[in-house]
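Note that the working numbering has the sequence shown beginning at 259, numbered continuously upward. Think of the CB as a built atom: it goes at the ideal place given N, C-alpha and C, for glycine as much as any other residue. Let me begin by presenting the structure, written as structure tokens, before commenting on it.
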Amino acid sequence: VQLQASGGGLVQTGGSLRLSCAASGDIDIIKDMGWYRQAPGKERRLVAVIDLGGTTRYAESVKGRFTISRDNVRNTVYLQMNDLKPEDTAVYYCKTVYKYRDYWGQGTLVTVSS
Numbered sequence: 259v260q261l262q263a264s265g266g267g268l269v270q271t272g273g274s275l276r277l278s279c280a281a282s283g284d285i286d287i288i289k290d291m292g293w294y295r296q297a298p299g300k301e302r303r304l305v306a307v308i309d310l311g312g313t314t315r316y317a318e319s320v321k322g323r324f325t326i327s328r329d330n331v332r333n334t335v336y337l338q339m340n341d342l343k344p345e346d347t348a349v350y351y352c353k354t355v356y357k358y359r360d361y362w363g364q365g366t367l368v369t370v371s372s
């Protein structure tokens with residue numbers, strides 16, 4: 259399984275970005291797909307996760323601002339990020355668990371300027 263993330267960039271406080279992550283390879287059904295982030299000097303943490311049925315879970319710090327969604331036909335997960343804050347600055351990674359193994363994307367940098 260390969261995960262290809264895209265959509266990061268530089269944005270001002272209050273702005274929006276949309277991240278995408280497409281899974282490819284010899285896969286059939288992917289259950290959970292999610293986004294994590296790692297700020298400089300900090301641990302990687304969960305941002306949002308979505309299961310095959312569309313049930314979502316968010317970190318408290320992004321609730322009401324970020325929305326995770328997925329396209330099961332394209333095996334793609336999205337993260338719509340609105341009202342961005344400087345503390346959202348991090349490298350964002352997509353992740354999936356497939357046949358009991360973790361797979362990570364390469365990371366995409368999101369920088370929010372104040």
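- One alpha carbon belongs to glutamate 345, the other to isoleucine 287, and they sit about 34 Å apart.
- For the pair valine 305 and tyrosine 294, the CB atoms are nearer than the 7 Å cut-off.
- CA-to-CA, the gap between cysteine 279 and glycine 272 works out to about 23 Å.
- DSSP, read as helix, strand or coil, puts serine 319 in helix.
- Distance from the CA of asparagine 330 to the CA of arginine 276, rounded to the nearest whole angstrom, comes to 18 Å.
- When DSSP states are grouped into helix, strand and coil, aspartate 346 belongs to the helix group.
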